[in-house]
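Visitor:
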Amino acid sequence: MSGTTPLPPQGLRPTHAQMLRHLRRSNEVALRAVALGHHPFGAVLVGPDQETVLLEQCNIDTVNHAESTLARVAATNYTPEFLWGCTLYTAVEPCCMCAGTAYWANIGRVVFAMTEAELLAETGSHAENPTMRVSSRHVFDHGQKPVELIGPVTEIAQETIAMQRAFWANR
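Here the numbering used here is used: position 91 in the sequence shown is 93, and no number is missing along the way.
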C-alpha cells in the first residue's frame, strides 16, 4: 500500500475460544435464517476487543447474503478505521461477492469454519445455491490491503457441515 495512509491496528487477535464461540453464534444466526424461510447462513461482526458483538445478520436471498448485507450495514454505521479492527465471523467461507463486500467495507479480519469447496460438496449443483469455486483467499490476495483470513476452523466445520447437509438434503 505504498503512497496510501497506513491502516490502523487490526484490533486484538482473537483467541481460539473466542473464535469457536463466535463461529457457533454464526451457526445460531444461520438457524434463525432457516426459521425465517431462508438458506442457512449467518454472520456476526465483533468489535476490536473480540468480545463485543456489534451486528448479526442472517441470509436474506441469493443477492443479499448474510456477510455482504452485514458488511454494507457496518459500513454505513462505523468508520473504516474502526471496521479495520473488527472481525467478521461466518461459519461458511464467504463467497467471492461477500469477501469483496467485506474488503470494500474495510473489515480487517474474517474467520470461517467450513470452506466454500466443502459447501459445494454438500449442495452439489443445487439451483438455489450455484456456489462459485472462488475462495475468499483468492479475493483477498488480489486486494491492496491485508485482510486477515482465518479458516477453516475444524472444530466448528463438522457442526456446520452437518447443518448444511441436513438443510440441502430436504430441498
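We treat Cβ as the ideally placed atom computed from N, Cα and C, and that holds for glycine.
Tell whether a beta-carbon distance below 8 Å holds between Thr-125 and Trp-170.
Guide: yes
Visitor: Can you list the alpha helix (DSSP H) stretches of 4 or more residues lying completely in the stretch 125-156, in chain order?
Guide: 138-143
Visitor: Tyr-80 by DSSP, collapsed to three states: which one?
Guide: coil
Visitor: Would you give the residue range spanned by the alpha helix (DSSP H) that Arg-111 belongs to?
Guide: Looking at the DSSP string, Arg-111 is not in any alpha helix (DSSP H); the run it does join, the beta strand (DSSP E), is 111-116.
Visitor: Can you check whether the CB of Val-112 is closer than 8 Å to the CB of Leu-90?
Guide: yes
Visitor: Start and end of the alpha helix (DSSP H) containing Val-36?
Guide: 18-37
Visitor: Starting from Gly-44 and walking both ways along the beta strand (DSSP E), at which residues does that stretch end?
Guide: 44-48
Visitor: For Leu-56, tell me which candidate among Phe-114, Thr-78, Cys-97 has the shortest Cα-Cα distance.
Guide: Thr-78
Visitor: Identify whether Gln-160 lies in helix, strand or coil by the three-state DSSP scheme.
Guide: helix
Visitor: Can you tell me where the beta strand (DSSP E) holding Thr-54 begins and where it ends?
Guide: In the DSSP assignment, Thr-54 falls outside any beta strand (DSSP E) and carries neither an H nor an E.
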